[in-house]
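The sequence shown runs 3 to 289 under this note's numbering. A virtual CB, placed ideally from N, CA and C, is assigned to each residue, including glycine. See structure below.
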Amino acid sequence: MPTLVIDTSFGATVAVVGHEPHYEPDSRSHVEKLEPAISHVVEQAGLTPSDIRRIVVGTGPAPFTGLRAGIVAARAMAFATGAELLGQNVLEPQAAWLAQGQLPDGRRHVTLAVNDARRKQLYYALYEMVPGDPVPHVLIDMDIASAGTIAHKVNEWLRSRDTPEGGEIVVDVCGTGAKRYFSSFQGIVALGDLHDDSCLHVAGVQGPRIFAQLAAAHHAAGDPCSSEPLYLRRPDVSEPAPFKHVTEEPNHAARMERIAQAEAAGAAHESASQNASQGASHGEVRR
């Protein structure tokens, strides 16, 4: 099935599965460059937009602006072409990618998948690939936190496994931001390798294929694969507080009557002044 992958969770990656991905690292140019990049990869694959039968879009977790650009583009293209639209989070593929490249060493490897959330925070989840299962098993649910907090939570999980199945556990870290917070991740007691990359564009042809295969596996298992974005962080804006209720003072009616009387008196005084001025003017004319 001709499948197009679009992800803007960190930079922008677009690819037709089976072909080299196009990667744009500048998150500020998504709107201008995303559509030409999609046209380019489709054309390079020898296809037309109407040939695409499935679109897999990255749903994050990622910051709002960049992530939204890719999702909107994927939805618009799916609507225009009738292609099936599947959403896929960007953390799972990291675990699947590492597992494919690991040689058995007698240890139990788990993957701490991360994505830079800015503001000194990371999106993260802890996964393990189990032989025979195409989808990673979730060991720690997806969330957002500082690198130090993440390391603490991983250590808590490790301490709860006093006698882990399969021998020693090793925690490999993979994703954008892994090396930036290396000093914090050194606190993980079973730290393995660190890979500060996204498999979507670093793994060449393999990256988009892994991404699309995971989405297809979820879909086959009955997952709706929603394209709704995963922000995880609370929005910076909030609803304004309601206006304060104005209660009437005890003598409100009397006060309003006094105001009306004062306004009427002022209007009468102004009218009298105008009449007097006009009378004087007429007298000057007669003389």
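I'd like to confirm the pairing. Which residues does DSSP put opposite residue i in its beta bridges?
{"i": "ASN117", "result": "TYR125"}
{"i": "CYS176", "result": "ALA115, HIS197"}
{"i": "GLU130", "result": "HIS139"}
{"i": "ARG55", "result": "Partner(s): none; ARG55 has no beta bridge."}
{"i": "ALA17", "result": "VAL7"}
{"i": "ASP28", "result": "ASP28 is not bridged to any residue."}
{"i": "GLU86", "result": "ARG56"}
{"i": "ARG110", "result": "ILE171"}
{"i": "ILE146", "result": "TYR125"}
Rank the options by C-alpha distance to the C-alpha of residue i and give the top, closest one.
{"i": "PRO133", "options": "ALA78, GLU230, GLN104", "result": "GLN104"}
{"i": "ASP174", "options": "GLN90, ALA101, LEU6, GLY60", "result": "ALA101"}
{"i": "ILE142", "options": "MET131, LYS155, GLY150, THR151", "result": "LYS155"}
{"i": "LEU6", "options": "PHE12, SER41, LEU69", "result": "SER41"}
{"i": "MET131", "options": "HIS111, THR50, ALA119, MET144", "result": "HIS111"}
{"i": "THR15", "options": "GLU230, ALA219, ALA205", "result": "ALA205"}
{"i": "PRO4", "options": "TYR25, GLN46, ASP53, GLY209", "result": "ASP53"}
{"i": "ALA75", "options": "TYR183, ALA262, GLU230", "result": "GLU230"}
{"i": "PRO65", "options": "GLU158, ARG121, LYS181, TRP99", "result": "ARG121"}
{"i": "TYR183", "options": "ARG30, THR151, ALA264", "result": "THR151"}
{"i": "ALA99", "options": "TRP159, GLY209, ALA217, ARG30", "result": "One detail in the question is off: residue 99 reads as Trp in this sequence, not Ala. It is GLY209 whose Cα lies nearest to the Cα of TRP99."}
For a quick check, are the C-beta atoms of residue i and residue j less than 8 angstroms apart?
{"i": "LEU202", "j": "PRO38", "result": "no"}
{"i": "TYR2", "j": "PRO27", "result": "A query on residue 2 cannot be resolved here, the shown segment of the chain reaching from 3 to 289 and no further."}
{"i": "VAL207", "j": "GLY20", "result": "yes"}
{"i": "PRO95", "j": "ILE8", "result": "no"}
{"i": "VAL58", "j": "LEU88", "result": "yes"}
{"i": "THR67", "j": "LEU232", "result": "no"}
{"i": "ARG77", "j": "ILE146", "result": "no"}
{"i": "ARG56", "j": "GLU34", "result": "no"}
{"i": "LEU93", "j": "ALA119", "result": "no"}
{"i": "LEU69", "j": "VAL18", "result": "no"}
{"i": "SER186", "j": "ALA153", "result": "yes"}
{"i": "SER228", "j": "PHE12", "result": "no"}
{"i": "VAL44", "j": "PRO51", "result": "yes"}
Taking residue i and residue j to be in contact with their CB atoms under 8 angstroms, please state how far apart those CB atoms are, rounded to whole angstroms.
{"i": "GLY108", "j": "THR10", "result": "39 angstroms between Cβ atoms; not a contact."}
{"i": "ALA97", "j": "THR113", "result": "4 angstroms"}
{"i": "THR178", "j": "ASN91", "result": "The pair is not a contact, with the Cβ atoms about 14 angstroms apart (cut-off 8 angstroms)."}
{"i": "SER148", "j": "GLN123", "result": "6 angstroms"}
{"i": "ILE171", "j": "ARG161", "result": "Incorrect: roughly 11 angstroms between the Cβ atoms, too far for contact."}
{"i": "ALA115", "j": "CYS176", "result": "6 angstroms"}
Is any non-hydrogen atom of the ligand MG found closer than 7 angstroms to the C-beta of residue i, if you look at the structure I gave you?
{"i": "PRO95", "result": "Within the structure as shown, the ligand MG is missing, as the structure has no ligands at all."}
Quick check: the region 134-146 against the region 193-207, are at least 3 beta-carbon pairs closer than 8 angstroms? no
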